[in-house]
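Novice:
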Amino acid sequence: GTGSVAFGRNQQGEAGRAGGWGPAISDEGSGQWIGRNAVAAVMRALDSHEATTLLRAILDAWNIESLEQLLQKANGSPAPDFARLFPAIQSAAGGGDEVAQQLLSAAGNELTWLAGAVIGRLWTQHDAVRVAIGGGVFAHSPPVRRTFWKQLRAQHPRAAVSFKITQPVEGALWMARRLAARIEGNSR
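The sequence shown begins at 35 in the working numbering and counts up by one.
1. Terminal residues of the continuous beta strand (DSSP E) containing R43?
2. Measure the C-alpha to C-alpha separation of R43 and L156 and round it to an integer number of angstroms.
3. For A126, list the residues DSSP reports as bridge partners.
4. Along the chain, where does the alpha helix (DSSP H) containing A151 start, and where does it finish?
5. Name the DSSP bridge partner or partners of G53?
6. For A113, name the three-state secondary structure that DSSP assigns.
7. With DSSP as the reference, label A58 as helix, strand or coil.
8. Could you say if the region 44 to 62 and the region 73 to 93 meet the contact criterion of at least three C-beta pairs nearer than 8 Å?
9. Could you please give the first and the last residue of the uninterrupted beta strand (DSSP E) stretch that includes A166?
10. How would you call E204, buried or exposed, if buried means at least 16 neighbouring beta carbons within 10 angstroms?
11. Just verifying my parser: in three-state terms, what is the DSSP assignment at S100?
12. Kindly identify the DSSP beta-bridge partner or partners of V195.
13. Beta-carbon separation of N220 and Q185 under 7 Å?
14. If you reduce the DSSP assignment to three classes, tell me which class G63 lands in.
15. Helix, strand or coil for Q159? Go by DSSP, reduced to three states.
16. Using alpha carbons as the reference points, say which of R118, A126, I59 and V133 lies closest to A74.
17. I'd like to know if the region 76 to 83 and the region 182 to 198 are in contact, where contact means that at least 3 CB-CB pairs between them fall below 8 Å.
18. Can you list, in chain order, the residues of its chain whose CB lies under 8 Å from that of H174, leaving out five sequence neighbours each side?
19. Are the beta-carbon atoms belonging to R216 and A194 less than 7 Å from one another?
Below you can see the structure in the form of structure tokens.
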């Protein structure tokens, strides 16, 4: 539920980012985004009489009993923790629910768009680009990872994606070590 953002730094030291503007207006592909969109998809499915197991999955995940309670909770202030619905959506998708599967695919597409926006700003189409991923959605959702991989490779064939989920603190420590080594090297 921490949101989504893409960040990149090319060989020339130029940096760029996309997304990460907060849960009310951004965070595409995040657990919060997936959960909020799942509730909306359930409402659309009910309106169109489309079959989905997501309604029951959401009710169970939020420990509520009725559609009325769902509407109150989803529209409540402060907003509920939509990211808490992610495991239930994952389970529904794994059980064959097409609405849930489409949501996870859409999340992968959104995350691809974020990464692609940064790559397009900092690298040419012919440059090799290393991509690392992190966060709970990537860590726990093979469908999101598959969609991300396929779409990113279609847009940027020389992108190399590492699917080893990196914790943000690991990246911060790596950057601190590099900076310390540079400082130490310059002080000699």
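The beta carbon of each residue, even a glycine, is placed where N, CA and C say it ideally should be.
No experiment lies behind these values; they were computed from the predicted model shown.
Specialist: So, from the listed chains and residues:
1. Taking the sequence shown and counting its residues from 1, the one referred to as residue 43 is at position 9. Counting along the chain, the beta strand (DSSP E) containing R43 begins and ends at V39 to R43.
2. Start at 1 with the first residue of the sequence shown, and residue 43 comes out as number 9. Start at 1 with the first residue of the sequence shown, and residue 156 comes out as number 122. C-alpha separation (whole angstroms): 7 Å.
3. Here residue 126 refers to the residue found at position 92 when the sequence shown is read from its first residue. Beta-bridge pairing links A126 to no other residue.
4. Locating residue 151 in the sequence shown gives position 117, counting from the first residue. Looking at the DSSP string, the run of the alpha helix (DSSP H) that includes A151 is E132 to L156.
5. Looking up residue 53 in the sequence shown gives position 19. G53 is bridged to V39.
6. The sequence position of residue 113 within the sequence shown is 79, counting from 1. In this structure, A113 counts as coil in the three-state DSSP scheme.
7. Within the sequence shown, residue 58 is the residue found at index 24, counting from 1. In this structure, A58 counts as coil in the three-state DSSP scheme.
8. no
9. Along the sequence shown, one-based indexing puts residue 166 at 132. Start and end: V163 to A166.
10. Counting from 1 along the sequence shown, the entry for residue 204 is found at position 170. E204 should be labelled exposed.
11. Here the question's residue 100 lines up with position 66 in the sequence shown. Three-state result, S100: coil.
12. Here the question's residue 195 lines up with position 161 in the sequence shown. In the DSSP output, where bridge partners are listed per residue, V195 has V165.
13. Residue 220 sits at position 186 when you count from the first residue of the sequence shown. Residue 185 sits at position 151 when you count from the first residue of the sequence shown. Result no, Cβ atoms of N220 and Q185 do not sit closer than 7 Å.
14. Here the question's residue 63 lines up with position 29 in the sequence shown. If DSSP states are grouped into helix, strand and coil, G63 belongs with coil.
15. Here residue 159 corresponds to residue number 125 of the sequence shown, with the count starting at 1. Of the three classes helix, strand and coil, the one that applies to Q159 here is coil, per DSSP.
16. Within the sequence shown, the letter at position 40 stands for residue 74. Closest by alpha carbon: V133.
17. no
18. What you label residue 174 is simply residue 140 of the sequence shown in a count that begins at 1. F120, P121 and Q124.
19. Along the sequence shown, one-based indexing puts residue 216 at 182. Along the sequence shown, one-based indexing puts residue 194 at 160. Contact flag unset, no.
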